[in-house]
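For the record, the sequence lines run as chains A and B. Once you know that position 452 of the first sequence is 452 in the numbering used here, the rest is easy, because the numbers rise by one and skip nothing. Heads up: take any position in the second sequence, counting from 1, add 1000, and you land on the numbering used here. Using N, Cα and C, we set each Cβ at its ideal position, and we do this for glycine too. These numbers were taken from a predicted model, which means no experiment stands behind them. See below for the structure under consideration.
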Amino acid sequence: RFCGVGRVVSGYSTSAGIENPINPSIKVHCTQLLINGNFVDSASGKTFPTYDPRTGDVIAHVAEGDAEDIDRAVCAARKAFDEGPWPKMTAYERSKVLFRFADLLDKHIEELATLETWDNGKPYEQSAKIELPMISRIIRYYAGWADKIHGLTIPADGPHLVQTIHEPIGVAGQIIPWNFPLLMFAWKVGPALACGCTIVLKSAEQTPLSALYAAKLLHEAGLPPGVLNVVSGFGPTAGAALASHMDVDKLAFTGSSETGKIVLELASKSNLKPVTLELGGKSPFIVCKDADVDKAVELAHFALFFNQGQCCSAGSRTYVHEDVHDEFIEKAKARALKRSVGDPFKAGVEQGPQIDSEQFEKILRYIRSGIESGATLITGGDRLGSKGFYIQPTVFTNVKEDMLIAQEEIFGPVQSILKFRDMDEVIRRANSTRYGLAAGVFTNDLDTANTLSRALKVGTVWINCYDVFDAAIPFGGYKMSGQGREKGVHCLSNYLQVKAIVAPLKNPAWI
Amino acid sequence: MAARRISSLLTRSLSVSSSSVSTSLFASLGKNSGRNGIGKRFSTAAALEDLIVPPVQIAYTQNLIDGKFVDAASGKTFPTYDPRTGDVIANVAEGDAEDIDRAVAAARKAFDEGPWPKMTPYERSRIMLRFADLVEKHSEELAALETWNNGKPHEQAAKSELPMFIRLFHYYAGWADKIHGLTVPADGPHHVQTLHEPIGVAGQIIPWNFPLLMFAWKVGPALACGNTIVLKTAEQTPLTALYVAKLFHEAGLPPGVLNVVSGYGPTAGAALASHMDVDKVAFTGSTDTGKIVLELAAKSNLKPVTLELGGKSPFIICEDADVDKAVELAHFALFFNQGQCCCAGSRTFVHERVYDEFLEKAKARALRRVVGDPFRKGVEQGPQIDTEQFEKVLRYIRSGIESNATLECGGDRLGTKGYFVQPTVFSNVKDDMLIAKDEIFGPVQSILKFKDIDEVIRRANNTRYGLAAGVFTKSVETANTLTRALRAGTVWVNCFDVFDAAIPFGGYKMSGIGREKGIYSLHNYLQVKAVVTPLKNPAWL
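Pasting the structure below:
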């Protein structure tokens, strides 16, 4: 579903507009913390800069939340949960607030998409035509769930009436990443609010702007104060305070596996709050010998390069059957060379800059590592232009499993192509990773598709497609890619407690 | 005759301080009845001679087929009446077999060729949400039309039924994209999945007691599941369905997805039930007609049938009950909507220890009931739907008297025109009297005495019906025992007529087949397809 954004023209070396970036046509209004329904400065009075990845210039200074602000936000969320009205409202009333929010998102689509691209660097067409519509779609999806959360009545061995009620878990702490700031906001906030929880959300320090704007719209839609509190800030201060807070009943985190481990540790050391984790990946994309090579090339390209390669589910190990390998790499190289890189505000641009200097440097280090470890660099390999964080679409062949570029999450526009011979081998190699987030399978053979679907140790298998992210499709990882699932019916359980109620039956008509 | 239902929310105010719209209606009705009732009798019926002119025009009287309003194939029309006077409101196109044929052909095409079932569920849900918004915008006209054609209190239509209609469509819009199949474990190396597909063209026949709500109960789940529809309305109340169907098309419903045919049961209804190209029939109405519908379906193409039929629901007041609350709730359970509810609590079983107090207060409450022009504020009860029902109710009252039940109050018509009936209470009713066995479908409360719980279980279940039951007690054990023992599709404990969108509704025994509302209603409009394929070298089974 993410596909289809302009795929025209011109070698990336043309680097459309990189030296003369388009001026975004909006002003930044919301930069303070949003606590208990009010925009407020941080307790310390401190701010931090947020940057335009096209240039590294400062866009705005944003209130910097730390432990004290998290405390205040949790306090507001606690009160809003314990005293209401949010969890005491009917589910129908909650759903109406979410539906109104979705309508407001649709109404402000241009400002939100502009803000998202400005702060994150992703192509504006992608923000405006794909991500924003998907965000209001997700919110409508969860609005529909609010009044459909069923418990069970349970058969008992003796004369007992047993039922379960599914209660909101309480105050949810949510920490979201910078690669899809608004989508991650929707994935987290949608189900928690539908279930009747209140929230303290910490946004990524790289991209604090769109969450503040969206949260403001949610209040306009009728969300009571204190139900959703948004704190901008850094992981070691604000994030850690949220993860270890004794009055937070649930934590959901999306980010790197390393940080995820810290979050889980903080939760266990504090009040043992349940944790949902969406972490890194090194997802295999397997091109079988019967595949239509042209389609496979396009899809594998999309699977890796989409969103500047900054997807936890990126298809970052492209396994190609030896029978089609040579044709595949020639065409994959040509496709990478055709990729249109440039100012993300420019129409037809497929790839903008990486998010920041740290990620930019890290990716270039991985590219050097690939070269040094003996992989073949067939295109790209360097920065693009002289300012901002643009990187050439890069393709390596002859990649081996023991190379760093085949093991670690690069999170950038670097495709690694590996050759395989038979099915058992590719299953073993695809699974030989600490990650297990997603996989792509490209084949027209039903047996192959079914065998691979079951054998791959991953949370999502896309067959002849990739990055299909319906609101209803659950998403999450095996192994060190995470715990739990987001989206779909499965994600509701993240924000619910199950209470069993048991009472004796006197003279029951049946058991 | 059929019964239908409403709003919950009315009763919630007894136990909860909910913030919902209809709660306030109940509160206001209660207050009004108290205020207006003091020192007055229903027989004052002040407003009956000086009727308010309904604030609405009638725009739609033709059949709606394939997105267009059209005359009946025969060119015939039939009159629809104002139950306050018996005067004709409008002449409506009279559909019969030929019109049903045309409507089914349009629905068939819309299903087989799309776009409706081929649209994403999200797109279908957006159209349903837009429809709900349009209904909200036109609530006043719709409520006025509903009261004019049906006779129910305008406050009930406007403040309770229309909001609930909208609420139902919000609910079903939310289901459209949440209809999950399963993947299924198999004994051998097979991959098994189930797909829940729309069943096809649904025929739906709705009654006159809640014309708009019954539209929502039927149309909401069928459309959420991706079906197309031919809907036949009741001949007594054809107007509001045509109006909302028009709004649905404004909201973006493609032509042919929802076709509305006005007409009579033996002609249009029978043609729909026996049509070979209709994949499903859902009927709400009397048990006698329900049997015919099922027979026609069986004799034609064996289409699956959902039936919501009559009832004779017990309302059981235990010895530990708060009598004042029980009186109010039992009154509401029976008299709501002029007693024209299939789930009316029409057998009021009262424990002997509280019987005398209950009876005295129930009579006083009935005497306070405000009967009058349903357009007038504070009126709790309007006229019965038509002369046939009116006469039938009066016949049952005479039968009660003849069989030696004690007439405590009421017992006659009210005023000289229209179909108003006095709120009527019988005591000393025995299980073998007609008024304790048949569905009266009018404002006639029958009070029966009982001694112990096993006895009341046996007597409450001693009926061919099994639609609903009310239980009034403070004891958890009594509540749990009765809940399991009563053979009824809904048990309301310390409440009655609570009708959330999510709560399933339907009958045991001859009260019907299947359930409407809630997640259960989706099954009525889905086929389940199992898809099986072998697994080669599976990693696990």
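Counting C-beta neighbours from all protein chains within 10 Å, is the total for A/P155 16 or more, i.e. buried, or is it exposed?
For the purposes of this step, residue 155 of chain A is taken as the residue at position 155 of the first sequence. It is exposed - the Cβ of A/P155 has fewer than 16 other Cβ atoms within 10 Å.
Assuming contact is defined by CB atoms lying nearer than 7 Å, are B/F1215 and B/F1131 in contact in what I supplied?
Reading the second sequence from its first residue, position 215 is the one you call residue 1215 of chain B. Reading the second sequence from its first residue, position 131 is the one you call residue 1131 of chain B. Contact flag unset, no.
Per DSSP, B/T1194 forms a beta bridge with which residues?
The residue you call residue 1194 of chain B lines up with position 194 of the second sequence. Answer is B/A1530, bridged to B/T1194.
Unbroken beta strand (DSSP E) runs of length 3 or more, entirely within the region 249-302 of chain A: which are they?
For the region 249-302 of chain A, whole beta strand (DSSP E) runs of length 3 or above, ordered along the chain, are 250-254, 275-278, 284-287.
At the level of alpha carbons, what is the spacing between A/A252 and B/G1512?
For the purposes of this step, residue 252 of chain A is identified with residue 252 of the first sequence, where counting begins at 1. For the purposes of this step, residue 1512 of chain B is identified with residue 512 of the second sequence, where counting begins at 1. In a straight line, the C-alpha of A/A252 is about 47 Å away from that of B/G1512.
Alpha helix (DSSP H) containing B/P1121: first to last residue?
Counting from 1 along the second sequence, the entry for residue 1121 of chain B is found at position 121. Note, B/P1121: alpha helix (DSSP H), 1121-1137.
Taking the alpha carbon of B/Y1122 as the reference point, which residue from A/E330, A/S44, A/A73, A/D470 has its own alpha carbon closest?
On the second sequence, residue 1122 of chain B is found 122 positions in, with the first residue counted as 1. Per the Cα distances, A/D470.
Alpha carbons only, please: which of A/C465, A/G385, A/K457, A/I355 is nearest the one belonging to A/E310?
What you label residue 310 of chain A is simply residue 310 of the first sequence in a count that begins at 1. According to the sequence shown, residue 310 of chain A is Gln rather than Glu. It is A/I355 whose Cα lies nearest to the Cα of A/Q310.
Counting only Cβ pairs nearer than 8 Å, list the residues of chain B close to A/S95.
Stepping through the first sequence from its first residue, residue 95 of chain A is reached at position 95. Those within 8 Å of A/S95 in chain B are H1170, G1174.
How far does the alpha helix (DSSP H) with B/L1212 in it extend, from its first residue to its last?
In the second sequence, the residue the question calls residue 1212 of chain B occupies position 212. Residues 1211-1224.
Just checking my contact of A/G477 with A/G459 at CB under 8 Å: how many whole Å lie between their CB atoms?
What you label residue 477 of chain A is simply residue 477 of the first sequence in a count that begins at 1. What you label residue 459 of chain A is simply residue 459 of the first sequence in a count that begins at 1. Correct: roughly 5 Å between the Cβ atoms.
Skipping 5 residues on each side, what residues in its chain have a beta carbon closer than 6 Å to that of A/T448?
Here the question's residue 448 of chain A lines up with position 448 in the first sequence. If we look at A/T448 and ignore the five residues flanking it on each side, its Cβ neighbours are C288.
Is B/V1370 helix, strand or coil when you go by DSSP?
In the second sequence, residue 1370 of chain B corresponds to position 370, counting from 1. The answer is coil: DSSP assigns B/V1370 none of H, G, I, E or B.
Might you give, ordered along the chain, the residues of its own chain that have their beta carbon closer than 8 Å to the beta carbon of A/V171, omitting 5 neighbours on each side?
Position 171 of the first sequence, counted from the first residue, corresponds to residue 171 of chain A. Cβ neighbours of A/V171 beyond the five flanking positions: V74, A77, R78, F81, C197, T198, I199, V200, D247, V248, D249, K250.
If I measure Cβ to Cβ from B/A1479 and keep anything under 7 Å in the same chain, skipping five residues before and after, which residues do I get?
Mapped onto the second sequence, residue 1479 of chain B falls at position 479. Cβ within range, chain order: V1471, T1473, V1493.
Relative to chain B, which residues along the region 443-463 of chain A have a C-beta separation below 7 Å, given in chain order?
Listed by position, the residues of the region 443-463 of chain A near chain B (Cβ gap below 7 Å) are L446, D447, N450, T451, R454, A455.
Assuming the contact rule is C-beta atoms closer than 8 Å, A/A438 and A/S283 should be a hit. Round their C-beta distance to whole Å, please.
Within the first sequence, numbered from 1, the residue matching residue 438 of chain A stands at position 438. Within the first sequence, numbered from 1, the residue matching residue 283 of chain A stands at position 283. That pair is a contact at about 4 Å.
Quick one: is A/D424 buried, meaning 16 or more other Cβ sit within 10 Å of its Cβ, or exposed?
To locate residue 424 of chain A, count along the first sequence from 1; it is residue 424. It counts as exposed.
Assuming A/T50 contacts A/P177 (C-beta within less than 8 Å), just tell me the rounded distance between them.
Counting from one through the first sequence, the residue named residue 50 of chain A turns up at place 50. Counting from one through the first sequence, the residue named residue 177 of chain A turns up at place 177. Actually they do not touch by this definition, with Cβ atoms about 15 Å apart.
State buried or exposed for A/K499, treating a residue as buried only when at least 16 other CB atoms are found within 10 Å of its CB.
Here residue 499 of chain A is taken as the residue at index 499 of the first sequence, counted from 1. It is exposed - the Cβ of A/K499 has fewer than 16 other Cβ atoms within 10 Å.
Between the alpha carbons of B/Q1384 and B/F1390, how many angstroms are there, rounded?
Locating residue 1384 of chain B in the second sequence gives position 384, counting from the first residue. Locating residue 1390 of chain B in the second sequence gives position 390, counting from the first residue. Approximately 6 Å between the Cα atoms of the pair.
Under a CB-based cut-off of 7 Å, is B/R1484 close to chain A?
The sequence position of residue 1484 of chain B within the second sequence is 484, counting from 1. Answer yes: the Cβ-Cβ gap between B/R1484 and chain A drops below 7 Å somewhere.
Given this structure, state the Cα-to-Cα distance separating A/T376 from A/G385, to the nearest angstrom.
Here residue 376 of chain A is taken as the residue at index 376 of the first sequence, counted from 1. Here residue 385 of chain A is taken as the residue at index 385 of the first sequence, counted from 1. Using only the alpha carbons, I get a separation of about 23 Å.
B/P1254 and B/N1227 look like a contact to me (Cβ under 8 Å); what is the Cβ gap, rounded to whole Å?
Here residue 1254 of chain B refers to the residue found at position 254 when the second sequence is read from its first residue. Here residue 1227 of chain B refers to the residue found at position 227 when the second sequence is read from its first residue. That belief does not hold up - the Cβ atoms of B/P1254 and B/N1227 are roughly 13 Å apart, past 8 Å.
Of the residues that make up the region 127-160 of chain A, which ones have a beta carbon closer than 9 Å to any beta carbon in chain B?
For the region 127-160 of chain A, which is checked against every Cβ of chain B, the residues closer than 9 Å are R137, R140, Y141, A143, G144, W145, A146, D147, K148, H150.
Do B/G1256 and B/A1107 count as a contact pair if the criterion is CB distance below 7 Å?
Taking the second sequence and counting its residues from 1, the one referred to as residue 1107 of chain B is at position 107. Taking the second sequence and counting its residues from 1, the one referred to as residue 1256 of chain B is at position 256. A contact, by the Cβ cut-off of 7 Å.
Cβ of A/G484 within 7 Å of Cβ of A/N494?
Residue 484 of chain A sits at position 484 when you count from the first residue of the first sequence. Residue 494 of chain A sits at position 494 when you count from the first residue of the first sequence. For A/G484 and A/N494, yes; Cβs fall inside 7 Å.
In three-state terms, what does DSSP make of B/Q1156?
As a first step, residue 1156 of chain B is located in the second sequence; it is residue number 156 there, counting from the start. Reduced to three states, the DSSP call for B/Q1156 is helix.
Please classify B/Q1057: is it buried, with 16 or more other beta-carbons within 10 angstroms of its beta-carbon, or exposed?
Along the second sequence, one-based indexing puts residue 1057 of chain B at 57. Label assigned to B/Q1057: exposed.
Using C-beta distances below 7 Å, list every residue in its chain close to B/A1326, excluding the 5 sequence neighbours before and after it, in chain order.
Position 326 of the second sequence holds residue 1326 of chain B. I1317, F1358, F1472.
Using a C-beta to C-beta distance shorter than 7 Å, which residues of chain B count as neighbours of A/V227?
Taking the first sequence and counting its residues from 1, the one referred to as residue 227 of chain A is at position 227. Within chain B, no residue comes near A/V227; the closest Cβ sits about 16 Å away, beyond 7 Å.
Just the Cα atoms here: how many angstroms apart are B/V1219 and A/I149?
Within the second sequence, residue 1219 of chain B is the residue found at index 219, counting from 1. Within the first sequence, residue 149 of chain A is the residue found at index 149, counting from 1. So the alpha carbons of these two residues sit roughly 23 Å apart.
I'd like to check one pair, A/A194 with A/Y124: are the Cβ atoms closer than 7 Å?
The residue you call residue 124 of chain A lines up with position 124 of the first sequence. The residue you call residue 194 of chain A lines up with position 194 of the first sequence. No, the Cβ-Cβ distance between A/Y124 and A/A194 is not below 7 Å.
Using DSSP with H/G/I as helix, E/B as strand and the rest coil, what is B/V1088?
Locating residue 1088 of chain B in the second sequence gives position 88, where the first residue counts as 1. Looking at B/V1088 - three-state DSSP - the assignment turns out to be strand.
For A/F411, name the three-state secondary structure that DSSP assigns.
Taking the first sequence and counting its residues from 1, the one referred to as residue 411 of chain A is at position 411. In the structure shown, A/F411 sits in coil (DSSP, three-state: anything other than H, G, I, E or B).
Since B/L1231 contacts B/Y1060 with CB under 8 Å, what's their CB separation in whole angstroms?
For the purposes of this step, residue 1231 of chain B is identified with residue 231 of the second sequence, where counting begins at 1. For the purposes of this step, residue 1060 of chain B is identified with residue 60 of the second sequence, where counting begins at 1. No, B/L1231 and B/Y1060 are not in contact; Cβ-Cβ is about 14 Å, not under 8 Å.
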